[in-house]
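**Q** One structure follows; several queries about it will come next.
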Amino acid sequence: MLEAGGHHTPAANQGRRKQMIAKRMIPWLCLVLLLALAWPAAAAPQSATQVLKANLDKFIAILKDPAYKNGAKQKEQDDKIWEIINQVFDFEGVARRALGRNWRRFSPQERKEFSDLFAKLLAKTYIKKIKKGYRDEKVVFTAEEKLRKNKVLVRSKIVRRGGDILVDYNMWNRGQGWRVYDVKVEGVSLVKNYRAQFNDILLNHKPAYLIQRVREKLAEQEKQKHKNQ
Amino acid sequence: MMCFRREGGGGGRSWPCLLVLAVFMILAGCAAENQNAGQAAVPAAAGARLAEQKPVAKAERKPKFVSGTIMAAPKPKPKAVAPSGQAGGSQQSLDDLLADEEAEDEPVVRVADPLEPWNRFWFVFNDAFYRHVMNPVARGYKAVVPGDYRSAVQNFFHNLWAPVRFLAAILQGKIDTAGREMARFVVNTTMGVLGFGDAASEILEIERPPDEDFGQTLASWGIGNGFYIVWPIIGPSTLRDSAGLVGDMIASPVWDLKPFEAALGVRSYQYLNDASFRIGDYESLTDAALDPYTAVRNFYLQYRAREAQK
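As given, the protein sequences belong to chains Z and E, one line each in that order. Going by this note's numbering, the final residue of the first sequence carries number 260, and the count climbs one at a time with no gaps. Going by this note's numbering, the final residue of the second sequence carries number 365, and the count climbs one at a time with no gaps.
Okay, here's the thing in structure tokens:
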């Protein structure tokens with residue numbers, strides 16, 4: 032910072048110091064500004080398809096992991112899978128939609144009980160099926176359609192011999208990231224299928240009876256699992 | 056870089072600057088990767104499929120308008136009975152999201168079931184027949200016959216039924232579909248060697264249109280389902296679809312075989328071969344159900360409603 036013919040008066044010195052400080056600040060300010068611009072991009076929210084795909088990949092990785100071949104490790108594998116499923120499926124939303132208008136007949140405690148049991152039933156049944164039947168089928172995500180402000184439809188297909196299976200996922204984002212609230216297999220909605228069953232049962236019975244049925248079904252699944260093991 | 060010019064401050068003070076710079080570059084790199092990965096993966100596929108999916112999306116929207124007019128006013132939002140301690144914010148938005156769905160939802164396909172006792176009886180029978188007869192035989196068949204052969208047989212039968220699908224498409228006014236069925240039939244019977252090979256898709260890229268049948272034809276003419284009925288072995292159907300099955304039988308070349316047992320044998324073999332690809336599907340549906348009968352009924356009705364739309 033030596034200027035030709037520098038003036039070293041105190042006033043000039045002070046002015047020069049201020050200038051130096053200011054000059055030192057500029058690069059920092061620029062960097063902070065650039066960081067501020069880059070930050071939102073870096074934290075750009077993933078699309079619904081990306082969220083689904085990431086979780087599906089994790090799920091398949093755990094499924095194929097040879098470390099869990101051992102029978103004793105099955106529980107650990109199931110727990111890990113349950114974690115992933117719980118993250119990407121909005122079971123509370125699924126349970127509410129499956130009950131539809133009947134939701135109002137349930138007391139708050141019954142609602143919680145039902146949601147929990149129903150979530151467990153769905154997860155256990157389908158995880159069991161997939162574990163038994165998975166043969167390295169590929170899942171291809173074909174499209175993502177925006178339905179409304181916070182809702183999308185993710186289309187995919189499971190490629191297998193004898194015909195592909197089309198699977199559509201309805202996903203929404205209510206502050207917890209993109210989560211699935213309905214699955215349609217070959218156009219048949221899972222939620223509607225359960226709603227038809229629950230409607231029939233609740234026509235002639237109280238909510239507590241339905242909860243009991245779900246609990247019984249869950250117990251049946253557990254018994255079968257232990258029989259097969 | 057600007058900060059490197061600041062030699063006056065001394066080399067010792069440039070490291071925080073470098074650190075910030077490094078962090079920035081890492082973030083920028085991650086951002087670029089996220090965007091690239093996201094943009095490459097989804098639009099590449101989406102772009103290719105968007106053209107196909109648009110007509111489907113349009114068809115999906117039609118029922119929404121229908122149910123919108125039936126339910127004149129949106130349902131009053133249920134009072135949010137949030138259990139104590141739950142964030143009021145997320146509960147509120149769940150109610151909103153669900154109110155949307157209720158207003159837009161296609162009504163659960165409701166078909167009368169006046170013959171329920173008969174239906175439930177045959178449902179139990181068919182379920183047992185499937186689990187104890189059909190399934191074991193299909194598994195055995197699958198174990199013995201290689202997949203390629205079974206695929207070829209599947210192609211053969213699918214090709215054989217082309218005239219029936221062609222007729223159904225014509226009766227519904229779906230000229231494009233009819234044209235494709237005709238073209239595929241000609242190509243597959245000749246180039247595909249009697250239909251065993253799907254030359255039309257693989258070589259000439261004439262894609263398979265959605266299957267049409269007489270039941271769908273009747274639906275397109277505005278004839279309602281009637282009521283639900285379960286037939287022995289054949290399985291779930293409705294009054295209209297049963298008439299459709301009869302119509303298909305009359306139009307089909309297979310059922311012209313004499314003696315009748317031969318026709319039955321051929322049709323049964325086709326059923327077995329198809330079943331060998333779908334082992335486990337029926338169980339997936341019924342094992343997870345609280346009431347398998349209702350689950351199968353609802354599945355059938357949703358499935359047929361969807362097919363009719365295609």
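We put the CB at the ideal spot given by N, CA and C, even for glycine.
1. Does DSSP put E/G279 in a helix, in a strand, or in coil?
2. Rounding to the nearest angstrom, what Cα-Cα distance links Z/K106 and Z/V171 in this structure?
3. E/W173: buried (16+ other C-beta within 10 angstroms of its C-beta) or exposed?
4. Would you mind working out which of E/R333, E/S307, E/I334 sits nearest E/V321, comparing C-alpha positions?
5. From Z/N204, Z/L152, Z/K223, pick the residue whose C-alpha is nearest to that of Z/E247; which is it?
6. Closest by CA to E/L273, which one among E/A223, E/I284, E/Q209?
7. May I ask you to report which of helix, strand or coil DSSP gives E/R333?
8. Contact check, E/I288 vs E/N181 under 8 angstroms by CB: the rounded distance?
9. Can you tell me whether Z/P41 is buried or exposed, with buried defined as 16 or more other CB within 10 angstroms of its CB?
10. Within the same chain, show all residues whose beta-carbon is closer than 8 angstroms to that of Z/D96, passing over the 5 residues directly before and after it, in chain order.
11. Using a Cβ cut-off of 8 angstroms (strictly closer), state whether Z/K160 contacts chain E.
12. Excluding the 5 residues preceding and the 5 following E/F221 in the sequence, name in chain order all residues of the same chain whose CB lies nearer than 8 angstroms to its CB.
13. Among E/A363, E/R205, E/L149, E/V179, which one has its Cα closest to the Cα of E/P264?
14. Output the boundary residues of the alpha helix (DSSP H) element that contains Z/L197.
15. Our contact map puts Z/L94 next to Z/K162 with C-beta atoms below 8 angstroms; I'd like the distance itself, whole angstroms only.
16. Does the structure place the stretch 224 to 235 of chain Z close enough to the stretch 339 to 355 of chain E that three or more beta carbon pairs sit under 8 angstroms?
17. So which residues of chain Z does E/D346 contact, with C-beta pairs closer than 8 angstroms?
18. E/Y299: which of E/R359, E/V242, E/E156 sits nearest, CA to CA?
19. Can you pull the chain Z neighbours of E/E260, defined as C-beta to C-beta under 7 angstroms?
20. DSSP has E/G290 in a bridge; who is on the other side?
21. Suppose the cutoff is 7 angstroms on Cβ atoms and the five residues either side in sequence are ignored; what does the same chain contact list for E/M189 look like?
22. Does chain Z have any CB closer than 8 angstroms to the CB of E/T349?
23. Mapping the DSSP letters down to three states, classify E/A343 as helix, strand or coil.
24. Counting only Cβ pairs nearer than 9 angstroms, list the residues of chain Z close to E/G202.
25. Can you name, in chain order, every residue of its own chain whose Cβ lies under 6 angstroms from the Cβ of Z/V216, other than the five neighbours on each side?
26. Pull up the distance between the alpha-carbon of E/Y324 and that of E/F354, whole angstroms please.
27. Excluding sequence positions up to five away, which residues of its chain have a Cβ less than 7 angstroms from the Cβ of Z/I112?
28. Run down chain E in chain order and give the residues with a C-beta less than 8 angstroms from the C-beta of Z/G124.
29. Would you kindly work out how many angstroms separate the C-alpha atoms of E/G252 and E/R194, rounded to a whole number?
30. Please report the distance separating the alpha-carbon of E/V242 from that of E/L249.
31. What residues in the stretch 205 to 222 of chain E have a beta carbon less than 9 angstroms from any beta carbon of chain Z?
32. One question on the structure: do Z/D213 and Z/R135 come within less than 8 angstroms of each other, judged by their Cβ atoms?
33. Here's the rule: buried if 16 or more other CB atoms are within 10 angstroms of the residue's CB, otherwise exposed. What is E/W177?
34. Once you ignore the five residues that flank Z/Q303 on each side, which residues in its own chain have a CB closer than 7 angstroms to its CB?
35. Measure the CB-CB distance between Z/Y200 and Z/V190 and report whether it falls below 8 angstroms.
36. Would the beta-carbon of E/D296 fall within 8 angstroms of that of E/G279?
**A** So, from the listed chains and residues:
1. The count along the second sequence starts at 1 and reaches residue 279 of chain E at position 224. Here E/G279 sits in coil by DSSP.
2. As a first step, residue 106 of chain Z must be located in the first sequence, where it is residue number 75. As a first step, residue 171 of chain Z must be located in the first sequence, where it is residue number 140. For Z/K106 and Z/V171, the distance between alpha carbons rounds to 29 angstroms.
3. The sequence position of residue 173 of chain E within the second sequence is 118, counting from 1. E/W173 should be labelled exposed.
4. Locating residue 321 of chain E in the second sequence gives position 266, where the first residue counts as 1. For the residues E/R333, E/S307, E/I334, the minimum Cα distance to E/V321 belongs to E/S307.
5. For the purposes of this step, residue 247 of chain Z is taken as the residue at position 216 of the first sequence. Of the listed residues, the one whose Cα sits closest to Z/E247 is Z/L152.
6. Residue numbering aside, residue 273 of chain E sits at position 218 when the second sequence is read from its first letter. Minimum Cα distance to E/L273 is reached at E/A223.
7. Along the second sequence, read from residue 1 onward, the residue named residue 333 of chain E stands at position 278. Coil, per DSSP.
8. Residue numbering aside, residue 288 of chain E sits at position 233 when the second sequence is read from its first letter. Residue numbering aside, residue 181 of chain E sits at position 126 when the second sequence is read from its first letter. Contact flag correct, Cβ pair sits at about 6 angstroms.
9. Translated into positions along the first sequence, residue 41 of chain Z becomes position 10. Its Cβ having fewer than 16 others within 10 Å, Z/P41 is exposed.
10. Taking the first residue of the first sequence as 1, we reach residue 96 of chain Z at position 65. Contacts found: Q108.
11. As a position in the first sequence, residue 160 of chain Z is number 129, starting the count at 1. Taking Cβ atoms only, chain E reaches closer than 8 angstroms to Z/K160, which makes this a yes.
12. By 1-based counting over the second sequence, the position of residue 221 of chain E is 166. Short of 8 angstroms from the beta carbon of E/F221, and not among the five residues preceding or following it, lie these beta carbons of its own chain, in chain order: A233, E236, M237, F240.
13. Along the second sequence, read from residue 1 onward, the residue named residue 264 of chain E stands at position 209. Checking every option, the nearest Cα to that of E/P264 belongs to E/A363.
14. For the purposes of this step, residue 197 of chain Z is identified with residue 166 of the first sequence, where counting begins at 1. Looking at the DSSP string, Z/L197 is not in any alpha helix (DSSP H); the run it does join, the beta strand (DSSP E), is 196 to 204.
15. Counting from 1 along the first sequence, the entry for residue 94 of chain Z is found at position 63. Counting from 1 along the first sequence, the entry for residue 162 of chain Z is found at position 131. The Cβ separation is near 7 angstroms, so the contact holds.
16. yes
17. Position 291 of the second sequence, counted from the start, is the residue given in the question as residue 346 of chain E. Result: Q228, D231, I232.
18. Counting from 1 along the second sequence, the entry for residue 299 of chain E is found at position 244. Sequence check: residue 299 of chain E is Gly here, not Tyr. For E/G299, the nearest C-alpha among the options comes from E/R359.
19. In the second sequence, counting from the first residue as 1, residue 260 of chain E sits at position 205. Those do not exist, as E/E260 stays about 17 angstroms from chain Z at its closest Cβ, beyond 7 angstroms.
20. For this step, residue 290 of chain E is matched to residue 235 along the second sequence. Checking the DSSP bridge columns, you'll see E/G290 partnered with E/W286.
21. Taking the second sequence and counting its residues from 1, the one referred to as residue 189 of chain E is at position 134. The residues are A330.
22. The residue given as residue 349 of chain E occupies position 294 in the second sequence. Yes, because at least one Cβ of chain Z sits closer than 8 angstroms to the Cβ of E/T349.
23. As a working mapping, residue 343 of chain E is identified with position 288 in the second sequence. Residue state, collapsed to three classes: coil.
24. Numbered from its first residue, the second sequence carries residue 202 of chain E at position 147. The contacting residues are R192, G193.
25. Taking the first residue of the first sequence as 1, we reach residue 216 of chain Z at position 185. Correct list, in chain order: V198.
26. Here residue 324 of chain E is taken as the residue at index 269 of the second sequence, counted from 1. Here residue 354 of chain E is taken as the residue at index 299 of the second sequence, counted from 1. C-alpha separation (whole angstroms): 25 angstroms.
27. As a working mapping, residue 112 of chain Z is identified with position 81 in the first sequence. Cβ neighbours of Z/I112 beyond the five flanking positions: F90, I93, I158.
28. The residue given as residue 124 of chain Z occupies position 93 in the first sequence. The answer, in chain order, is L149, L152, L153.
29. Counted from its first residue, the second sequence places residue 252 of chain E at position 197. Counted from its first residue, the second sequence places residue 194 of chain E at position 139. Roughly 24 angstroms separates the two Cα atoms.
30. For the purposes of this step, residue 242 of chain E is taken as residue 187 along the second sequence, with counting starting at 1. For the purposes of this step, residue 249 of chain E is taken as residue 194 along the second sequence, with counting starting at 1. When rounded, the distance between both Cα atoms is 9 angstroms.
31. R205, S206, Q209
32. Reading the first sequence from its first residue, position 182 is the one you call residue 213 of chain Z. Reading the first sequence from its first residue, position 104 is the one you call residue 135 of chain Z. No, Cβ-Cβ distance for Z/D213 and Z/R135 is not below 8 angstroms.
33. The residue you call residue 177 of chain E lines up with position 122 of the second sequence. Counting Cβ neighbours within 10 Å, E/W177 comes out buried, since at least 16 surround it.
34. Since the displayed chain Z opens at 32 and closes at 260, residue 303 of chain Z lies outside it and no answer follows.
35. Residue numbering aside, residue 200 of chain Z sits at position 169 when the first sequence is read from its first letter. Residue numbering aside, residue 190 of chain Z sits at position 159 when the first sequence is read from its first letter. Not closer than 8 angstroms, so no.
36. As a first step, residue 296 of chain E must be located in the second sequence, where it is residue number 241. As a first step, residue 279 of chain E must be located in the second sequence, where it is residue number 224. No, Cβ-Cβ distance for E/D296 and E/G279 is not below 8 angstroms.
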